[in-house]
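Student: Pasting a structure below so you can have a look.
Residue numbers (this note's numbering): 1 to 161.
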């Protein structure tokens, strides 16, 4: 997870309102499966769009997989007009998510926990909800991750008894 330090610290330093979901959230919950990007479920508000741009603009965000000469302006207006963005940056890949199969920022906020990540306070989706949203996504690549997360949850239940 060390490869995501710069991205997470940039988001935290600009006080971006978001929830870490996906593989990074799984790793923070104890999963060993590798992940290739930071998945951030972000609050949809004009102030937050500005914070996202301030955090990521220094990292030269560009649409992942797009042709190198495709015009792309990463600004608050672009974020407001869009929803989900898969970005490549100089510090690694970031998926900005307006919503996921299990809900959006507002509906999932109560299912988060604040955790210290690289010295920064970050909201992270709780384990049970992470399992639920991965299951709701129904992607074949998530099946093994779900099995691992369910084992972690079961071990925590056993240890808690």
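Where a beta carbon is used, it is the ideal one built from N, C-alpha and C, also for glycine. Nothing here was measured: the structure is a model prediction, and the numbers come from that model.
Round the Cβ separation of residue 42 and residue 16 to the nearest angstrom and send it over; I've been treating them as touching at under 8 Å.
Tutor: Residue 42 sits at position 42 when you count from the first residue of the chain shown. Residue 16 sits at position 16 when you count from the first residue of the chain shown. Residue 42 to residue 16, Cβ: 7 Å. Contact.
Student: Hey, is the stretch 57-67 in contact with the stretch 79-94, meaning 3+ C-beta pairs nearer than 8 Å?
Tutor: Result yes; three or more Cβ-Cβ pairs closer than 8 Å.
Student: In the DSSP assignment, find the unbroken alpha helix (DSSP H) run with residue 116 in it and report its ends.
Tutor: Residue numbering aside, residue 116 sits at position 116 when the chain shown is read from its first letter. Premise fails: residue 116 lies in the beta strand (DSSP E), 112-117, not in any alpha helix (DSSP H).
Student: Compare the Cα-Cα distances from residue 148 to each of 136, 160, 130, 159 and report the closest residue.
Tutor: Position 148 of the chain shown, counted from the start, is the residue given in the question as residue 148. If we check each option's Cα against that of residue 148, 130 comes out closest.
Student: Using CA atoms only, rank isn't needed, just tell me which of 92, 95, 48, 104 is closest to residue 80.
Tutor: Locating residue 80 in the chain shown gives position 80, where the first residue counts as 1. With distances taken between Cα atoms, residue 80 lies closest to 48.
Student: Is residue 16 helix, strand or coil by DSSP?
Tutor: For the purposes of this step, residue 16 is taken as the residue at position 16 of the chain shown. Three-state result, residue 16: coil.
Student: Which two residues bound the contiguous beta strand (DSSP E) that contains residue 85?
Tutor: By 1-based counting over the chain shown, the position of residue 85 is 85. Run containing residue 85: 85-89, per the beta strand (DSSP E) assignment.
Student: Could you compute how far the alpha carbon of residue 98 sits from the alpha carbon of residue 136?
Tutor: Reading the chain shown from its first residue, position 98 is the one you call residue 98. Reading the chain shown from its first residue, position 136 is the one you call residue 136. Their backbone Cα atoms lie some 16 Å apart in a straight line.
Student: What whole-angstrom Cβ distance do residue 94 and residue 38 have, given they're in contact under 8 Å?
Tutor: One-based indexing of the chain shown puts residue 94 at position 94. One-based indexing of the chain shown puts residue 38 at position 38. Their Cβ separation, rounded to whole angstroms, is 5 Å, which keeps residue 94 and residue 38 in contact under 8 Å.
Student: Cα separation between residue 156 and residue 29?
Tutor: Locating residue 156 in the chain shown gives position 156, counting from the first residue. Locating residue 29 in the chain shown gives position 29, counting from the first residue. Rounded to the nearest angstrom, the two C-alpha atoms are 11 Å apart.
Student: Closest to residue 96 by CA distance: which of 1, 2, 8 is it?
Tutor: By 1-based counting over the chain shown, the position of residue 96 is 96. Ranking 1, 2, 8 by Cα distance to residue 96 puts 8 first.
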